[in-house]
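Peer 1: Below is one structure. I have some questions about it.
Here you go:
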């Protein structure tokens, strides 16, 4: 609740993307709502002759049919737009959740032998390289779960997207930084050994 209050001030709160006006509010179907000037203008022809009431009703019926057809076309276009929007969004169901959980557990379990072998045998370039990929990926999966839980897409669609892009970009930069540190400097394990030996 507090997060929603903070984001409303910067206009990041959820706003529906598609607003549909009900067809009943678009066109008037009652005889009482027709404008008197419109009736008078249709009753008088270009030669200033008075048109019979049956012709007046026929023109009103045709106008009403045209407006109904226009409203029906708009509703159909809105329905097509909704279908297109629904098709573009990927479904995240049970299989996605199971895959996400398996990858998170796999990265956590892979860290155990990586860290323990580094402490036992010392620095090795391959182990440093693996540690520079698995550790940022493990952190990425943890923060991704936090974003999913605390910035839900249905409530904060813009902020959710921004948070995901920020997380992905920063994780990529961290992996690149680990690669540079491992190849051009002493490496991650040697750095920690020197840090604790000092």
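In my numbering, the protein residues as written are 124 to 321.
We put the beta carbon where it would ideally sit given N, CA and C, even for glycine.
Leaving aside the five residues before and after residue 294 along the sequence, list all residues of the same chain whose C-beta is less than 6 Å from its C-beta, in chain order.
Peer 2: 259, 263
Peer 1: Quick check on the DSSP output: the alpha helix (DSSP H) that includes residue 356 runs from which residue to which?
Peer 2: Residue 356 lies beyond the stretch modelled for the chain, which goes from 124 to 321, so this question has no answer here.
Peer 1: Put residue 277 into one of helix, strand or coil per three-state DSSP.
Peer 2: Residue 277 falls in the coil class under three-state DSSP.
Peer 1: Rank 233, 271, 268 by C-alpha distance to the C-alpha of residue 253 and give the top, closest one.
Peer 2: Nearest neighbour of residue 253 by Cα position, chosen from 233, 271, 268, turns out to be 233.
Peer 1: If I measure Cβ to Cβ from residue 266 and keep anything under 6 Å in the same chain, skipping five residues before and after, which residues do I get?
Peer 2: In chain order, 290 place their CB closer than 6 Å to the CB of residue 266, counting only its own chain and leaving out the 5 sequence neighbours on each side.
Peer 1: Mind checking whether residue 241 and residue 312 have CB atoms under 8 Å apart?
Peer 2: Their beta carbons are under 8 Å apart, which means residue 241 touches residue 312 by this criterion.
Peer 1: Apart from the five residues just before and just after residue 286, which ones in its own chain have a Cβ nearer than 8 Å to its Cβ?
Peer 2: 270, 274
Peer 1: Who are the near neighbours of residue 171 in its chain, counting only those whose CB is closer than 7 Å to its CB and skipping five residues on each side?
Peer 2: Note that residue 171 scores a pLDDT of 49, beneath 50, so its modelled location is shaky and nothing firm can be said.
Peer 1: Residue 320 lies in the alpha helix (DSSP H); which residues open and close that run?
Peer 2: Start and end: 311-320.
Peer 1: Here's the rule: buried if 16 or more other CB atoms are within 10 angstroms of the residue's CB, otherwise exposed. What is residue 279?
Peer 2: buried
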